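**Student:** One structure follows; several queries about it will come next.
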Amino acid sequence: MLRHHIRVYTLELEQPWSIASRTGRNGRGIAERSAVYLRLDSPDGTQGFGEAAPVTTYGETSLDVLRFLREFDWSQVSFENLDQSLAYLHSLPEGDFAAKSAIDLALHDGAAKLKGYSLSELLEIDFQPSSLPPTSFSIGISSPQEIVRKVREAERFPILKLKVSAQGLEESLQALRSVSPDKPLRIDGNEAWKSSEDALHALRTIERYGPIEFVEQPMPRYTPLKEAIWLKENSPLPLVADESCCGPLDLEHCSQAFDGVNVKLTKSGGIAPTFELLKKAKALGLKRQIGCMIESSLGIAAAFQLGSMADWLDLDGALLTRNDPFEGLAENWGRLSFEPTQKLRGIGVQPSLDLWTSHPPLDKPIPQRAQTPPAHACYGTSVQGVPLEVHLPQSGNCEVLLFAAIHGEEPETTTLLSKAIRSLDGISPNCAAVLCANPDGTLLGTRCNANGVELNRNFPASNWQSDPVSTKWAPDHGRVSFSTGSHAGSEPETQALIHLVESLAPQTIISLHAPLACIEDPDYSRLGYWLSKRTGLPLVGNIGYQTPGSFGSWAKEKGWHVITYELPPLSVSALHEKHLDNLIELLRSGLGAIEENRAVNE
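Residue numbers for the sequence shown follow my numbering, beginning at 414 and rising by one.
Take a look at the structure:
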């Protein structure tokens, strides 16, 4: 059976990236993108590599990829029986296309290497890199001044793609044409215009700044077909579907509403479905572009070997990054090629660093600890639309999940966990962390969420109660009541945390609270004893009163091991002095911290 190895990796972008449908949390663009890499090892030593580049536009995150890979039945696939393996993979329920793409790529890579073939030879595709069209180079949504700078930096590329939005369209076009008046241009709207009339007005504006090869996805993917057909019939420029074309079922509508389609491995679910999609699109008379997400040379190289099946290439994803973890693919004046050092095998690239060997994180130099590193994934959103973010276990195997601030009036838990994360150059490959499980409550300074619900009494445990719960307002000031929700699990933050736990399947969950000054561990586990000894806080089996509908009650019924780390009522600086090192050790070593401590004691 194939052995699988997973690595969550953050691709850093050369410069912030914005498109009409995604501008980043601060509106200044996306500075990084989380990818998941897969390595499959066969007993004979053959390795196959795959990449998942999930995008929230299609409802997928790295967390979803990890869950799919963890639950996948690896006994059903092999390099020797590629057709049978792919049939099993693509027979699984609809969705999870990024994860399926990673498996599909790794299977093709390993199967081709096993036969001594390149990917194109395995697929019986004529592949002559020198005869393929050049890739376009993308310019994200930017100010006119930034567009001028970026276009000058991209002078070597014979074709540019300009990302635009409904605002500032003409200013962006003027800026580009001020420094590149004659270069062929592709425009990508990314669903920017909400009506066919607005889209047509924009297309007529764009036409004045030719030469224009085509315009991608001017309107949202769920635009009524009648409107989309009207736009195509009246458009002065060719239209290409991107978000509207994810699979073969979309092609019939696309053939009526567009002149071409933009096909991507991650959207389609891998090489096999992309191969079929390209063939069917050609049969329907559609032009074909092979495109990409922001991804490494691994995904780009696989797509490139399908290049002879396309009319256009837009394979610049790896060129937008500065820490591509794969090597073997080259670019020269917009033309892609493989390094000519040896015969092409498989997808044709290899890791440029050891992605799969885990090393304990090192202490980060203190001057570099100002900012918390970006989280890998959003596991949901709060009532007020704030992203709920998680730092994922880079190995895909979660030993410990730590989360803070399910009560918004306990911000010291978030502060402490953030400082622990910032103290290291990364967290243990086997740890996950959520800085704030209740961001609305934290921002509002309330115990409950924005709906007024006490989240830690809203979980669907058998002991959930509909009656309000109360807590002390302040010493000698009586009690205040909170709702437990309209029903168990009613709140988006509750639902998201359940989804996170079920996706990661952690061995132990540590919930940070204040100010009861104890370590609550019903199992009296070794980790509970370790925390009690390190902190000097008493280890207890329960906190002395009932907690109906709490996270701990729900988790216990589901078989999850939960430790509640109750901080004492101290100032933030005192908490850091007494408790920061404990969290740092957990984030550095995961459950290995216990073993290291025992080895020292012995």
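All residues carry an ideal CB built from backbone N, CA and C; glycine is no exception.
Computed from a predicted model, the values in this text were never measured in an experiment.
1) Measuring CB to CB, does LYS756 end up less than 9 Å from TRP725?
2) In this structure, what does DSSP give as the bridge partners for GLN763?
3) Just mark ALA500 as buried or exposed, buried being the case when its beta carbon has 16 or more other beta carbons within 10 Å.
4) Mind checking TRP886: buried by the 16 CB within 10 Å criterion, or exposed?
5) Let me know the secondary structure DSSP gives ILE997 once reduced to three states.
6) Secondary structure at ARG420, three-state DSSP: helix, strand or coil?
7) Counting beta carbon pairs with one atom in the stretch 792–812 and one in the stretch 897–913, are three or more of them shorter than 8 Å?
8) Closest by CA to MET706, which one among GLU473, ILE572, CYS844 and LEU697?
9) Considering only residues of the same chain and omitting the five flanking positions on each side of ALA567, which have a CB-CB separation below 6 Å?
10) What is the rounded straight-line gap between the Cα of GLY741 and the Cα of ASP539?
11) Going by other Cβ atoms of all chains shown within 10 Å of its Cβ, with 16 needed for buried, is PRO842 buried or exposed?
12) Kindly provide the ranges of any alpha helix (DSSP H) runs that are 4 or more residues long and lie completely inside the stretch 568–603, ordered along the chain.
13) Closest to ASP486 by CA distance: which of SER668, VAL893 and LEU505 is it?
14) If you run the structure through DSSP and keep just helix, strand and coil, what is HIS503?
15) Looking at C-beta atoms only, is the number of pairs between the stretch 865–875 and the stretch 831–838 that lie closer than 8 Å three or more?
16) Figure out for me which residue from ILE997, ASN675, LEU482 and GLU656 has the closest Cα to the Cα of ARG452.
17) Under the three-state reduction of DSSP, which class applies to GLN428: helix, strand or coil?
18) Out of curiosity, what's the CA-to-CA distance linking GLY720 and ASP767?
19) Can you tell me the Cα-Cα spacing of HIS926 and GLY957, whole angstroms?
20) For the stretch 940–992, which segments carrying the beta strand (DSSP E) assignment without a break, of at least 3 residues, lie completely within its bounds, in sequence order?
21) Inspect the beta-carbon positions of CYS844 and LEU814 and report whether they are closer than 9 Å.
22) Once you ignore the five residues that flank ARG416 on each side, which residues in its own chain have a CB closer than 6 Å to its CB?
23) State the start and end residues of the unbroken alpha helix (DSSP H) segment that holds VAL561.
24) Hey, out of GLN920, SER431 and GLU445, whose CA is closest to GLU425's CA?
25) Measuring straight from C-alpha to C-alpha, what distance separates PHE462 and ILE516?
26) Near GLN541, which residues of its chain fall below 8 Å by C-beta distance, leaving aside the five closest residues on each side in sequence?
27) Rank PRO624, GLY623 and SER648 by C-alpha distance to the C-alpha of GLN630 and give the top, closest one.
28) Output needed for ILE911: all residues of its chain with C-beta closer than 6 Å, excluding positions within five of it in sequence on either side, in chain order.
29) Quick one: Cα of ASP509 to Cα of VAL564, how far?
30) Let me make sure I understand the geometry here. Which of SER710, LEU711 and ALA723 has the alpha-carbon closest to that of ALA694?
31) Checking 9 Å against the spacing of the C-beta atoms, do PRO557 and GLU584 come in under that value?
32) For LEU582, which residues from the same chain have a beta carbon less than 7 Å from its beta carbon, with the 5 sequence-adjacent residues on both sides left out?
33) Between ILE560 and the rest of its own chain, which residues show a CB-CB distance below 7 Å, the 5 nearest in sequence each way excluded?
34) Taking the beta carbon of GLN535 as the centre, do at least 16 other beta carbons fall within 10 Å, making it buried, or is it exposed?
35) Within the continuous beta strand (DSSP E) that includes SER926, where are the two ends?
36) Could you say if the stretch 636–644 and the stretch 591–611 meet the contact criterion of at least three C-beta pairs nearer than 8 Å?
**Tutor:** According to the structure data:
1) Residue mapping note: residue 756 aligns to position 343 of the sequence shown, counting from 1. Residue mapping note: residue 725 aligns to position 312 of the sequence shown, counting from 1. Not a contact, by the Cβ cut-off of 9 Å.
2) Numbered from its first residue, the sequence shown carries residue 763 at position 350. Beta-bridge pairing links GLN763 to GLU740.
3) By 1-based counting over the sequence shown, the position of residue 500 is 87. Exposed: under 16 other Cβ atoms inside 10 Å.
4) Here residue 886 refers to the residue found at position 473 of the sequence shown. Label assigned to TRP886: exposed.
5) For the purposes of this step, residue 997 is taken as residue 584 along the sequence shown, with counting starting at 1. Helix, per DSSP.
6) The residue you call residue 420 lines up with position 7 of the sequence shown. In this structure, ARG420 counts as strand in the three-state DSSP scheme.
7) yes
8) Numbered from 1 along the sequence shown, position 293 holds the residue referred to as residue 706. Selected option, being the one with the closest Cα: GLU473.
9) On the sequence shown, position 154 is the one that residue 567 refers to. Counting only Cβ-Cβ distances below 6 Å, and skipping sequence neighbours, we find PHE550.
10) For the purposes of this step, residue 741 is taken as residue 328 along the sequence shown, with counting starting at 1. For the purposes of this step, residue 539 is taken as residue 126 along the sequence shown, with counting starting at 1. Looking at the two C-alpha atoms, the distance is approximately 20 Å.
11) Here the question's residue 842 lines up with position 429 in the sequence shown. By the neighbour-count rule (16 or more Cβ atoms within 10 Å), PRO842 is buried.
12) 582–592
13) Position 73 of the sequence shown, counting from 1, holds the residue named residue 486. For the residues SER668, VAL893 and LEU505, the minimum Cα distance to ASP486 belongs to LEU505.
14) As a working mapping, residue 503 is identified with position 90 in the sequence shown. Of the three classes helix, strand and coil, the one that applies to HIS503 here is coil, per DSSP.
15) no
16) Reading the sequence shown from its first residue, position 39 is the one you call residue 452. Of ILE997, ASN675, LEU482 and GLU656, the residue nearest in Cα terms is LEU482.
17) The residue you call residue 428 lines up with position 15 of the sequence shown. If DSSP states are grouped into helix, strand and coil, GLN428 belongs with the strands.
18) Position 307 of the sequence shown, counted from the start, is the residue given in the question as residue 720. Position 354 of the sequence shown, counted from the start, is the residue given in the question as residue 767. In a straight line, the C-alpha of GLY720 is about 29 Å away from that of ASP767.
19) For the purposes of this step, residue 926 is taken as the residue at position 513 of the sequence shown. For the purposes of this step, residue 957 is taken as the residue at position 544 of the sequence shown. Between HIS926 and GLY957, the C-alpha separation is close to 15 Å.
20) 975–979
21) Indexing the sequence shown from 1 puts residue 844 at position 431. Indexing the sequence shown from 1 puts residue 814 at position 401. Yes, they are a contact pair.
22) Start at 1 with the first residue of the sequence shown, and residue 416 comes out as number 3. Contacts found: ASP454.
23) Along the sequence shown, one-based indexing puts residue 561 at 148. From DSSP, the alpha helix (DSSP H) with VAL561 extends over 557–566.
24) Reading the sequence shown from its first residue, position 12 is the one you call residue 425. Looking at the Cα atoms, GLU445 is the closest of the given residues.
25) The residue labelled residue 462 in the question sits at position 49 within the sequence shown. The residue labelled residue 516 in the question sits at position 103 within the sequence shown. For PHE462 and ILE516, the distance between alpha carbons rounds to 8 Å.
26) For this step, residue 541 is matched to residue 128 along the sequence shown. So the qualifying residues of the chain are SER721.
27) Along the sequence shown, one-based indexing puts residue 630 at 217. Checking every option, the nearest Cα to that of GLN630 belongs to SER648.
28) On the sequence shown, residue 911 is found 498 positions in, with the first residue counted as 1. Same-chain partners within the cutoff: there are none.
29) In the sequence shown, counting from the first residue as 1, residue 509 sits at position 96. In the sequence shown, counting from the first residue as 1, residue 564 sits at position 151. Cα to Cα, ASP509 sits roughly 36 Å from VAL564.
30) What you label residue 694 is simply residue 281 of the sequence shown in a count that begins at 1. Ranking the options by Cα distance to ALA694, first place goes to ALA723.
31) The residue you call residue 557 lines up with position 144 of the sequence shown. The residue you call residue 584 lines up with position 171 of the sequence shown. A contact, by the Cβ cut-off of 9 Å.
32) What you label residue 582 is simply residue 169 of the sequence shown in a count that begins at 1. These residues qualify, in order along the chain: ALA615 and THR618.
33) Here residue 560 refers to the residue found at position 147 when the sequence shown is read from its first residue. For ILE560, where only same-chain residues beyond five positions count, the Cβ hits under 7 Å are ILE552, SER585, ALA588 and LEU589.
34) Start at 1 with the first residue of the sequence shown, and residue 535 comes out as number 122. Reading the sequence as shown, one finds Leu at residue 535 and not Gln. Buried is the call here.
35) As a position in the sequence shown, residue 926 is number 513, starting the count at 1. The sequence given here places His at residue 926; Ser does not occur at that position. Its beta strand (DSSP E) spans residues 921–926.
36) yes
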